[in-house]
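The sequence shown begins at 68 in my numbering and counts up by one.
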Amino acid sequence: MSIYKTQYGREMSLKLYDAQLKKLDYSCKDVYVHTSFGRTHIIETGNLSGEPLLVFHGGNSTTAYNLLMYRFLLKDFHIYAVDIIGHPGKSDEVILSSNNYDYGKWASDVISGLGFDKIACFGVSYGGGVLAKLMCIAPEKVEKSVLIVPSGINNAFPISTVKMMIPLLKYKLTKKEKYIKETALFMAIKEEILDKDTLDMVKDSFDHVKTKVGMPSNVSEQLMQQCNAPSLIMAGEKDCLFPARKVLPRAKKIIPNGTVHMLKGCGHMHMMPEREKKMIVDFLSV
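Next comes the structure, spelled out in structure tokens:
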């Protein structure tokens with residue numbers, strides 16, 4: 068069963084993927100690994116003599132867009148940016164349950180498929196939830212972890228996410244692009260965050276992808292306690308999906324070797340401030 072609404076939609080989505088990848092101005096190599104859930108596509112890019120870093124993107128979005136948003140990582144790290152299976156991109160269209168630990172098992176298979184015993188990992192939003200599941204299922208494979216506005220720690224779906232559906236429905240009915248912006252603003256808070264790449268990605272997701280509403284469910288404290296990898300957890304103060312006030316206290320409680328940090332004034336979609344960029348690079352470089 069396709070994750071796209073139509074074959075044309077799939078082609079348009081992959082066209083945007085390739086166009087956004089070109090904007091990085093870094094050479095990108097396609098790598099495929101076989102997992103027990105299906106074939107998985109990875110973009111190998113960044114500083115090929117740097118430390119390896121496995122990167123998981125957000126849901127209903129792509130690894131190409133995610134690399135644009137976190138391109139500051141490319142200068143220092145040898146990036147393996149994975150297309151999450153069952154999400155837009157070039158991996159198999161196999162949909163895994165977000166309520167169990169299948170995504171953790173899949174991510175563990177990806178690390179083995181790339182030939183690593185263990186690797187530093189970076190996960191954003193849905194990808195943060197995938198990384199959290201990996202930390203529970205195969206803690207020995209995670210050298211370090213950075214979780215940015217992550218699902219899977221303490222998900223909150225307050226009333227604002229229901230309100231977000233109103234402009235989305237208006238867009239579906241009218242196809243007026245102003246409603247895309249209105250919908251995205253619930254997650255971005257500030258209009259300047261909605262640059263062309265972000266709006267292109269959101270529009271592509273609404274137009275062409277069968278949107279997944281379910282996020283990776285909260286992980287078990289008992290399983291997470293087994294992961295001693297140094298971990299950095301950053302959550303947005305004004306995030307409507309995974310607010311810092313919920314995520315950070317539980318992260319502190321369940322992640323043994325974790326450092327927590329609030330992204331002040333930031334919503335779910337954000338431009339990472341310079342200070343926090345440096346914090347992430349320093350954390351991964353030690």
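Ideal Cβ placement from N, Cα and C applies to all residues, glycine included. Just so we're clear, the structure is a prediction, and the values are computed from it rather than from any experiment.
When you compare each of the options to residue i by their alpha carbons, which one comes out closest?
i: K248; options: V269, K230 and T241; result: V269
i: N167; options: K345, S352, Y246 and V286; result: V286
i: M231; options: F273, S212 and I260; result: F273
i: I110; options: I322, Y132 and D176; result: Y132
i: S116; options: T107, Y147 and L134; result: Y147
i: R317; options: Y71, L141, Q292 and K331; result: Q292
i: T107; options: Y93, K142, D159 and Q74; result: D159
i: K185; options: P310, D176 and E288; result: D176
i: F183; options: P119, A311 and N295; result: P119
i: D267; options: M68, A86 and Q74; result: A86
i: I162; options: L91, P283, L141 and F309; result: P283
i: L214; options: L88, M329, D97 and V98; result: M329
i: E244; options: K320, L121, D271 and S103; result: D271
i: G195; options: Y71, K90 and Y170; result: Y170
i: A23; options: P297, V327 and I322; result: This structure cannot speak to residue 23, because the chain is shown only from 68 to 353.
i: G303; options: I151, C95, R138 and M254; result: M254
i: K344; options: L308, S179, K142 and K200; result: K142
i: K305; options: V314, C203 and I322; result: V314
i: Y137; options: S298, A251, T265 and K96; result: T265
i: V122; options: A187, L91, I260 and T102; result: A187
i: S218; options: L308, N324 and L299; result: L308
i: N221; options: F139, S192, I70 and Y246; result: S192
Name the two residues that bound the continuous beta strand (DSSP E) containing residue i.
i: V100; result: K96 to T102
i: P119; result: E118 to F123
i: G281; result: Neither: G281 is in no beta strand (DSSP E) and is coded neither H nor E.
i: I110; result: G105 to G113
Using a Cβ-Cβ distance under 8 Å, would residue i count as near chain E?
i: Q87; result: No chain E appears in the structure shown, which is made up of a single protein chain.
Where does the unbroken alpha helix (DSSP H) through residue i begin, and where does it stop?
i: T73; result: Taken as a continuous stretch (DSSP letters only), T73 belongs to no alpha helix (DSSP H), as it is neither H nor E.
i: E341; result: E341 to S352
i: Y93; result: Counting along the chain, Y93 falls outside any alpha helix (DSSP H), and DSSP gives it neither H nor E.
Helix, strand or coil for residue i? Go by DSSP, reduced to three states.
i: T130; result: helix
i: V229; result: helix
i: V269; result: helix
i: E210; result: strand
i: I220; result: coil
i: I256; result: coil
Any beta strand (DSSP E) of 3 or more consecutive residues that is wholly inside the stretch 291–331: As far as the stretch 291–331 is concerned, its whole beta strand (DSSP E) runs of at least 3 residues are 298–303 and 325–330.
I'd like the ranges of any beta strand (DSSP E) spanning at least 3 consecutive residues and lying wholly in the stretch 133–208. If we require 3 residues or more, the beta strand (DSSP E) runs fully inside the stretch 133–208 come out as 144–149 and 186–191.
Could you say if the stretch 232–245 and the stretch 199–217 meet the contact criterion of at least three C-beta pairs nearer than 8 Å? No contact exists between the stretch 232–245 and the stretch 199–217.
Say whether the stretch 276–283 touches the stretch 125–141, bearing in mind that this needs 3 or more beta-carbon pairs closer than 8 Å, one atom from each stretch. Contact between the stretch 276–283 and the stretch 125–141 is present, with at least three C-beta pairs closer than 8 Å.
The stretch 72–89 / the stretch 151–163 touching (three or more Cβ pairs under 8 Å): Remark: three or more beta-carbon pairs, one from each stretch, lie closer than 8 Å, so the stretch 72–89 and the stretch 151–163 are flagged as touching.
Is the stretch 255–263 in contact with the stretch 331–338, if contact means three or more CB pairs nearer than 8 Å? Yes, the stretch 255–263 is in contact with the stretch 331–338.
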